[in-house]
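In what follows, a structure is listed as structure tokens, so that the remarks can point back to it.
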Amino acid sequence: MIRRLTPPYLTTQYQVMKKIIIVTASILVLSILVLVVNYIVWEKIGSQISEGKPIIQKETKRQAVLVIDIQEGITGKSSTSDFFPTKSEELIAAVNRVVDSSARYKIPVIYVKNEISNPLLNILNSSMAKGSPGAELDSRLRIVSDYIINKDKGDAFSNSLLDSILIRNEINKLVFTGLDLAHCVHSTIMAAANRKYDICLISDALISREPDSLQQAILEKFKQRGFEIVSSEEYFQNLRR
Numbered sequence: 008m009i010r011r012l013t014p015p016y017l018t019t020q021y022q023v024m025k026k027i028i029i030v031t032a033s034i035l036v037l038s039i040l041v042l043v044v045n046y047i048v049w050e051k052i053g054s055q056i057s058e059g060k061p062i063i064q065k066e067t068k069r070q071a072v073l074v075i076d077i078q079e080g081i082t083g084k085s086s087t088s089d090f091f092p093t094k095s096e097e098l099i100a101a102v103n104r105v106v107d108s109s110a111r112y113k114i115p116v117i118y119v120k121n122e123i124s125n126p127l128l129n130i131l132n133s134s135m136a137k138g139s140p141g142a143e144l145d146s147r148l149r150i151v152s153d154y155i156i157n158k159d160k161g162d163a164f165s166n167s168l169l170d171s172i173l174i175r176n177e178i179n180k181l182v183f184t185g186l187d188l189a190h191c192v193h194s195t196i197m198a199a200a201n202r203k204y205d206i207c208l209i210s211d212a213l214i215s216r217e218p219d220s221l222q223q224a225i226l227e228k229f230k231q232r233g234f235e236i237v238s239s240e241e242y243f244q245n246l247r248r
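Position one of the sequence shown corresponds to residue 8 (the working numbering), numbered consecutively onward.
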């Protein structure tokens, strides 16, 4: 029997290729692990709710409207969501009614934008990357003020500029519109409650990706806490009184 021997150079090439494959696979696994850990840490930090310093309540109510996370990358043309764009027309119409009514009565309107500056997170999804078209406010929104707050966490009070604007304008009541009621809006409401603001929710100007039953449960929970819940039309009628 004649035995065929593998030339030494082929054995060396095989070993080199094997090492390259192992190293490449290890780098890929490590990269995925880093991304996953980074995302978990970001989620944990991003879901924290700030305590803040309680405001000094006055008998006279001065309110401001918060428009939260209605952006091109969520409700607009560059959205990667299969839910929010389909609900956006009705939502934005209601929000614009609130904005127009507030502007008419010189009530400050504050726009909150979510922007992600973490490069690792932007590898997973860059639709809300800082400076990207998706991070801009939805073009259908009425813009009636220069108050625009950027955040990279759920709680809008994570940006101290929001506290500053509210305190400077002696605001003691906040009117909430936007999304997501179960996430960023929820976190911001809880942070506002920690600061002892009076709170009003505009039911038809708020939306959540969660099932309708959960959204109703959240509104009911807030109602039991004494928060005011009205429609955009009721809000306008209340301003006229």
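Glycine included, every Cβ here is placed at the ideal spot set by N, Cα and C.
Taking 8 Å as the cut-off, the beta carbon of D205 is found closer than this to the beta carbon of K68. In chain order, G80, N121, I123, G141 and A142 place their CB closer than 6 Å to the CB of M135, counting only its own chain and leaving out the 5 sequence neighbours on each side. In the DSSP assignment, A212 falls within the beta strand (DSSP E) that extends over D205 to I214. In the DSSP secondary-structure assignment, T184 is bridged to V74.
The criterion of a C-beta distance shorter than 8 Å is satisfied by L186 and S215. Between the alpha carbons of S171 and K25 lies a distance of about 59 Å. Judged by DSSP in its simplified three-state form, L144 adopts strand. Cβ atoms of V72 and V119 stay farther apart than 8 Å, at about 11 Å. Annotated three-state conformation of Y118 is strand, per DSSP. Using a Cβ distance threshold of 8 Å, L188 and L213 count as a contacting pair.
With respect to C207, F243 sits apart: the two C-beta atoms are not nearer than 8 Å.
Taking C-beta separations shorter than 7 Å and ignoring five residues to either side along the sequence, the partners of S88 in its chain run I81, following chain order.
A straight line joining the alpha-carbon of E97 with that of I196 spans about 22 Å. Exposure of L221 is indicated by the presence of fewer than 16 other C-beta atoms within 10 angstroms of its C-beta. Linking I225 to R175 through their CA atoms gives a straight-line distance of about 31 Å. Inclusion of A101 and D219 in the CB contact set at 8 Å is not warranted, their separation being larger than that value.
DSSP places E96 within a helical segment (H, G or I) once states are collapsed to three. Taking the Cα of S165 as reference, the smallest distance to any Cα among I27, Q22, V36 and Q55 is reached at Q55. Here S167 is exposed, its C-beta having fewer than 16 other C-beta atoms within 10 Å. The C-beta distance from R202 to P61 rounds to 6 Å, short enough to meet the 8 Å contact threshold. Put simply, the backbone Cα of K84 is about 9 Å away from that of D145.
In the DSSP assignment, the residues bridged to A136 are I123.
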